[in-house]
């Protein structure tokens, strides 16, 4: 223990330990610093907007009037995506966890995960070239027959590049998130609960309603919230699919815009105050998604066993 | 009941249940009825399939309700809906893959892979359309840009992500800092990619003056997206390394940092490698952060620290949104889809590689 050689080699080993643990700690702290850096730099670059003359802001009526319509547009697109993707995602997750033949379930899971592997710009191109033209006829029909409902008010877009199309593309993109998270939670349902329900003579639907869904409720909510976070921040699908414009209630006319697409479409040519405006818009988006994600993570955190799900 | 014959008893057991062929009868009827209805309003395959599905679900549920009661009917309705939702989820996947293959393959050639867009102007595209000659120009510069930007992003984020995961698993004691890091890593996974791009743009604008757009700025933006993925996957892999291995190493008098480097990390290396590969696959297709940080180039740029750069996703985006020749957009569309095909192949390959790594060197644990 106290031989000379050991004592001599000790400082080197100890400093190695110290350097390594310091590096590990440093990396951890750096991650926190980056997240705060994101907020800080965005605020710094967005500051000129706060002091600017309202007339100089795009639209001429100040930043609030500029940001409000695109925040609403973002929320509309994300809401459409969530309304479509949540029931569908739960259905697909149930299919994989409880309905599909055991041996094929894993494969089906991989197939749905492939949806997440396709880059967003490809979805955008697909929505632009394939989906929008197909939906245009449907929009015409909607405007003709259901035009009295404000969200289907005509005249329908001839190209199909509307906020509804963008919402559908977003739904496809958040579907794998909702599916994979819900699936993991469905699989964690205590088998005894399920078997008890079946033994009492419950049908499969009743078993799912009595044993699986109550157990998974929090998980489903947080899955939907994470999907919402993704849908709010998704850029390319909207930038390519939507032919944007002023805020309109109708989902089947061209118009509306989302924050992310507004930034992507205008940033490359922006300079000066316009640049600050777009960065301020990015800051707003950052805050919205941050709040959504924190709530989702908080719900997951209350059930630690779900935390492997991301 | 006790006096009934064997045959009668068997029918007692299945009484009130539909025979197995009933579902197929309903399906056939639904398909025929849907064909008739869609023929009335103008036949198209899509409307036919949708109508058939709706008729089948309604019909099968009603028949079950009449024969087996409402509980069974609700159960079978749910079964059809769940199967249906899986089919609906597959439709966009198949459609996207089919579209990319169909429109991308014609444009994919040796020239496309190994020439850039340098010197390819609207006039060149017009000429190729008018004379029927092959479309000139390719995605070489974008492929090179994608590889470089992704390489630098990996170089930045892998050490940070690995060390942070090591800190959380090996050094963390569950204190406030550890919980904060875990929580914010999770939250970071949800940062919109365009915000990550804006962050990098804002950071470099403050340090190097406004309008700094280079490949490296894009790499930093991608790192912000990549680090949390690397941390999460590495953390999970390190946690399943059995404690006995660490204790055996300590018992031999090995220092903690050497234990981590020589015992813990090598045990989990396959999972870490596959996690990193998946993280690369995630950022390689990112468009928005590149748009705001690396600008757009039509010629080859081999220096990530200077000059604008193009990547496959931004190449696709600009070819679609601002075709090289506004009057003849077909060459640009063709190039965009060919680039999309290359991009999808890259991402799928990375995913397959990740799975192969994970399977080939499955974690050597005692679990």
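Residue numbers (the working numbering), protein chains in the order written: chain A, 501 to 810; chain B, 38 to 404.
Beta carbons are placed, not taken as given, at the ideal position from N, Cα and C, and that holds for glycine.
None of these values were measured; they are calculated from a predicted model.
Check: Who are the neighbours of residue 192 of chain B on chain A, taking C-beta pairs under 7 Å?; Outcome: Under the 7 Å cutoff, chain A gives no residues; its nearest Cβ is about 14 Å from residue 192 of chain B.
Check: How about residue 573 of chain A: is its C-beta nearer than 8 Å to some C-beta of chain B?; Outcome: no
Check: Does the distance from the C-beta atom of residue 353 of chain B to that of residue 153 of chain B stay below 8 Å?; Outcome: no
Check: Would residue 107 of chain B be called buried (16 or more neighbouring beta carbons within 10 Å of its own) or exposed?; Outcome: exposed
Check: I'd like the span of the alpha helix (DSSP H) that includes residue 52 of chain B, first residue to last.; Outcome: Note, residue 52 of chain B: premise wrong, no alpha helix (DSSP H); not H, not E.
Check: Apart from the five residues on each side of it in sequence, which residues of its chain come closer than 7 Å, Cβ to Cβ, to residue 314 of chain B?; Outcome: 387, 390, 391, 394
Check: Quick one: Cα of residue 683 of chain A to Cα of residue 675 of chain A, how far?; Outcome: 12 Å
Check: Taking three-plus beta-carbon pairs below 8 Å as touching, is the segment 749-762 of chain A in contact with the segment 238-253 of chain B?; Outcome: no
Check: Does DSSP put residue 206 of chain B in a helix, a strand or coil?; Outcome: helix
Check: Which first and last residues belong to the alpha helix (DSSP H) in which residue 553 of chain A is found?; Outcome: Looking at the DSSP string, residue 553 of chain A is not in any alpha helix (DSSP H), and its letter there is neither H nor E.
Check: Short check: CB of residue 669 of chain A to CB of residue 380 of chain B, under 8 Å?; Outcome: no
Check: Counting only beta-carbon separations shorter than 8 Å, does residue 639 of chain A have a partner in chain B?; Outcome: no
Check: Does the Cβ of residue 61 of chain B have 16 or more other Cβ atoms within 10 Å, making it buried, or fewer, making it exposed?; Outcome: exposed
Check: Do you know offhand how far residue 646 of chain A's Cα is from residue 167 of chain B's?; Outcome: 45 Å
Check: Please classify residue 570 of chain A: does DSSP put it in a helix, a strand, or coil?; Outcome: helix
Check: Check distances from the C-beta atoms of the segment 698-715 of chain A to those of chain B and list, in chain order, the residues that come in under 8 Å.; Outcome: 703, 704, 705, 706, 708
Check: So the candidates are A:580, A:584, A:629; which of them puts its Cα closest to the Cα of residue 140 of chain B?; Outcome: A:629
Check: Give the residues of chain A in contact with residue 122 of chain B, contact being defined as C-beta atoms less than 7 Å apart.; Outcome: 588, 591, 592, 595
Check: Does the beta carbon of residue 388 of chain B come closer than 8 Å to any beta carbon on chain A?; Outcome: yes
Check: Quick one: what does DSSP say residue 707 of chain A is sitting in, helix, strand or coil?; Outcome: helix
Check: Could you tell me whether any Cβ in chain B is nearer than 8 Å to the Cβ of residue 520 of chain A?; Outcome: yes
Check: Count the other CB atoms within 10 Å of the CB of residue 65 of chain B; is the residue buried (16 or more) or exposed (fewer)?; Outcome: exposed
Check: Reducing DSSP to helix, strand and coil, say where residue 341 of chain B ends up.; Outcome: coil
Check: Quick one: Cα of residue 808 of chain A to Cα of residue 265 of chain B, how far?; Outcome: Caution applies to residue 808 of chain A, whose pLDDT of 40 falls short of 50 and renders its modelled position unreliable; the value that the coordinates give is listed next. Near 14 Å, if we compare the C-alpha coordinates of residue 265 of chain B and residue 808 of chain A.
Check: By how many angstroms is the C-alpha of residue 205 of chain B removed from the C-alpha of residue 219 of chain B?; Outcome: 8 Å
Check: Mind pulling the chain A residues with CB within less than 7 Å of residue 367 of chain B?; Outcome: Near residue 367 of chain B there are no residues of chain A at all, since even the closest Cβ is about 12 Å away, more than 7 Å.
Check: Within its chain, find whatever has a CB closer than 6 Å to the CB of residue 753 of chain A; leave out the 5 residues flanking it on each side and keep chain order.; Outcome: 657
Check: Name, going along the chain, the residues of the segment 792-803 of chain A whose beta-carbon falls closer than 7 Å to a beta-carbon of chain B.; Outcome: 793, 794, 797
Check: Name the chain A residues that come within less than 7 Å of residue 350 of chain B, Cβ to Cβ?; Outcome: 619, 621
Check: Any idea if residue 81 of chain B is buried or exposed, counting beta-carbon neighbours within 10 angstroms, 16 or more meaning buried?; Outcome: exposed
Check: Quick check: is the beta carbon of residue 229 of chain B nearer than 8 Å to any beta carbon in chain A?; Outcome: yes
Check: Quick one: measure Cβ to Cβ for residue 162 of chain B and residue 335 of chain B, integer angstroms, because I've assumed they're closer than 8 Å.; Outcome: Rounded, the Cβ-Cβ distance is 13 Å, inconsistent with contact.
Check: What first and last residue would you give for the alpha helix (DSSP H) that runs through residue 121 of chain B?; Outcome: 107-141
Check: Which residue comes first and which comes last in the alpha helix (DSSP H) that contains residue 312 of chain B?; Outcome: 302-321
Check: Over what stretch of residues does the alpha helix (DSSP H) that includes residue 763 of chain A continue unbroken?; Outcome: 759-766
Check: Buried or exposed, going by whether 16 or more other CB atoms sit within 10 Å of the CB of residue 374 of chain B?; Outcome: buried
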